[in-house]
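Have a look at the structure below before the remarks.
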Amino acid sequence: MPVSSDYKEFVRELMTPLGSATMKPFFGGFELKYGDVQFAWVLNDTLYFKVDDGNRPDFEEAGVPPFEYERNGKVFAVRKLHEAPAFLFDDPDEMLVWARKAIDAEMRAQKAKAKKKKRPKKNAKAKKNAPSSRAKS
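In the working numbering, the protein residues as written are 291 to 427.
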């Protein structure tokens, strides 16, 4: 999934107003990060933004597809990544609005993931200390 140097530079210029956005190699393309928040991918000269329920309606209204890949003859859609609509490339200000929404989507995902990790397993300690049904009398 190579990315041409021209396209990479074009995307970099579009994201410059975000400030601390960086691009790093990722799965044959590039990831875009804002701080520690990965908010977009660039693969095959296509920009994909992170999507969740907060910004999904924008992508559906624009009619852009999710990222898809093929493995063993089957096509898989990745609903958390959608192609950036073509009209954004003609409107740098609107591109930044969508980029910020993608950053927000990934921040919500990270927050939800952190909440799941913090939850202790129900009765984990009680089960550990409970007598085994296999214990001999």
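By construction, the Cβ of each residue, glycine as well, lies at the ideal position given by its N, Cα and C atoms.
Query                                                                                                        : Result
F341, buried or exposed, once every other Cβ within 10 Å from all chains shown has been counted against 16   : Here the sequence assigns Val to residue 341, which means Phe is not the residue at that position. V341 should be labelled buried.
Residue environment, A392, which counts as buried when at least 16 other CB atoms sit within 10 Å            : buried
Exposure of G319, with buried meaning 16 or more beta-carbon neighbours within 10 Å                          : buried
F329 beta carbon less than 8 Å from that of A389                                                             : yes
R302 versus G309: straight-line alpha-carbon distance, rounded                                               : 11 Å
Cβ-based burial, V430 [other Cβ within 10 Å; buried from 16]                                                 : The structure shown has nothing for residue 430, since the chain only spans 291 to 427.
F377 classed as buried or exposed, judged by whether at least 16 other C-beta atoms fall within 10 angstroms : exposed
Where the beta strand (DSSP E) through F357 begins and ends                                                  : 356 to 361
One or two residues paired with Y324 in a DSSP bridge                                                        : A311, V327
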